[in-house]
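Participant:
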Amino acid sequence: MSGIFCSLRQLSVTYRRGKNNAAALDGIDLDIAAGERLAIIGESGSGKSTLARALAGLLPEGTKVTGEMLWPALGHPPRPGRDFGFVFQDPGTSLNPVLTIGEQIAEGARRHLGLGWKRASIRAEELLGRVRMPQPDKAMRAFPHQLSGGQRQRVAIAAAIAARPALLIADEATSALDVVVQAEIVRLLDGLVREDGMTLLFITHDIALASGFVDRIAVFRDARLVEAGPVRSVLSAPVSNYTAALIASHRDLATPPLIEELAP
Ligand SMILES: Nc1ncnc2c1ncn2[C@@H]1O[C@H](COP(=O)(O)OP(=O)(O)OP(=O)(O)O)[C@@H](O)[C@H]1O
Ligand SMILES: [Mg+2]
């Protein structure tokens, strides 16, 4: 898949029970290229998850949406669950506590790829291998509470990619993990999207974490898109003071050696 995956034109979103009727997203113009890894950065409440929900058609009923969302690379209106996969901060919300790991991953493959249970289970075990789950055959029969946080996040990623989505949306998918596990999950996501040519939307408040592996960064603040560009240019020459302050708050990003290292 090449070209533009998704084009947002003056996209605005206002929740029915929002704060003083303020928009959660306000006039967003953004193109997401097919196959790119795009980080959505911004402080709490800036509209990052709202963007993810808008893209996925998961906004609550009664939410006012204006502007346009176009999907040139798909060639058809997006089918949630099939064209998009999601990984959230807390896999507890996406994993079902009473189903085995195998059942929940197989369910996505069964429902969206039309596989029978047996083939879907084989695919589930393969997926557990792909997300580097230790002992995939054993993990198939485990329940979510029997796994560590990092392992649960691996399962959530396997479930998210079960239907071979074109777009993977990771919303603070590593925020609840310690730094070592965080780095492992980022490496895993990076590898998977490269291998499958998926487009990745990596939503995080951590500009340093994202800068390590994405192609482009889009910075949000107070419902608006502050700036968007390739990682190198945003880090070395941010357009807005807000982005400059974000970069400055990470000593490892703001120190000259890294920026020089990143320069072409
Ligand atoms: N279902 C909802 N109903 C009403 N207002 C909402 C709803 N969801 C989010 N909001 C409001 O919309 C704004 C943007 O929220 P959003 O969840 O998109 O922020 P965020 O950038 O993802 O924040 P965080 O980093 O804390 O996850 C906030 O003011 C929030 O309170
Ligand atoms: Mg959020």
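So the sequence shown is numbered by this note's numbering: it starts at 89 and just counts up by one. For glycine and all other residues, C-beta sits at the position ideal for the given N, C-alpha and C.
Thinking C-alpha only, which one of G238, S209, A161 is nearest D178?
Facilitator: G238
Participant: Can you look up P352 in the DSSP assignment and give me helix, strand or coil?
Facilitator: Note that P352 has pLDDT 49, beneath the 50 cutoff, so the model's placement of it is unreliable and the number below is only indicative. P352: coil per DSSP, three-state reduction.
Participant: What do you reckon, are the CB atoms on A247 and I193 nearer than 7 Å?
Facilitator: yes
Participant: So, does the stretch 218 to 227 touch the stretch 161 to 179, judging by three or more C-beta pairs under 8 Å?
Facilitator: no
Participant: Hey, R199 and W205 are a contact pair by Cβ (cut 8 Å); roughly how many whole angstroms apart?
Facilitator: Not confirmed; about 11 Å, so no contact.
Participant: Taking the Cβ atom as the reference point for each residue, do I301 and V274 lie within a distance shorter than 7 Å?
Facilitator: Reading the sequence as shown, one finds Phe at residue 301 and not Ile. Contact flag set, yes.
Participant: Sort out for me which residues DSSP pairs L341 with in a bridge.
Facilitator: L341 is bridged by DSSP to nothing; it lacks a bridge partner.
Participant: In this structure, does DSSP put L276 in helix, strand or coil?
Facilitator: In the structure shown, L276 sits in a helix (DSSP, three-state: H, G or I).
Participant: Compute the minimum distance between the beta carbon of S137 and the heavy atoms of ligand 2, and state whether it is under 6 Å.
Facilitator: Yes, Cβ of S137 sits closer than 6 Å to a heavy atom of ligand 2.
Participant: How is D114 classed by DSSP in three states: helix, strand or coil?
Facilitator: strand
Participant: Go to D259, then tell me how far its beta strand (DSSP E) extends in each direction, as first and last residue.
Facilitator: Note, D259: beta strand (DSSP E), 255 to 259.
Participant: Can you name the start and end residues of the beta strand (DSSP E) that T102 belongs to?
Facilitator: 92 to 102
Participant: Taking only three categories from DSSP, how would you classify G285?
Facilitator: coil
Participant: Please determine whether the Cβ atom of A112 lies at a distance below 6 Å from any heavy atom of ligand 1.
Facilitator: yes
Participant: According to DSSP, what are the bridge partners of V307?
Facilitator: I129, E315
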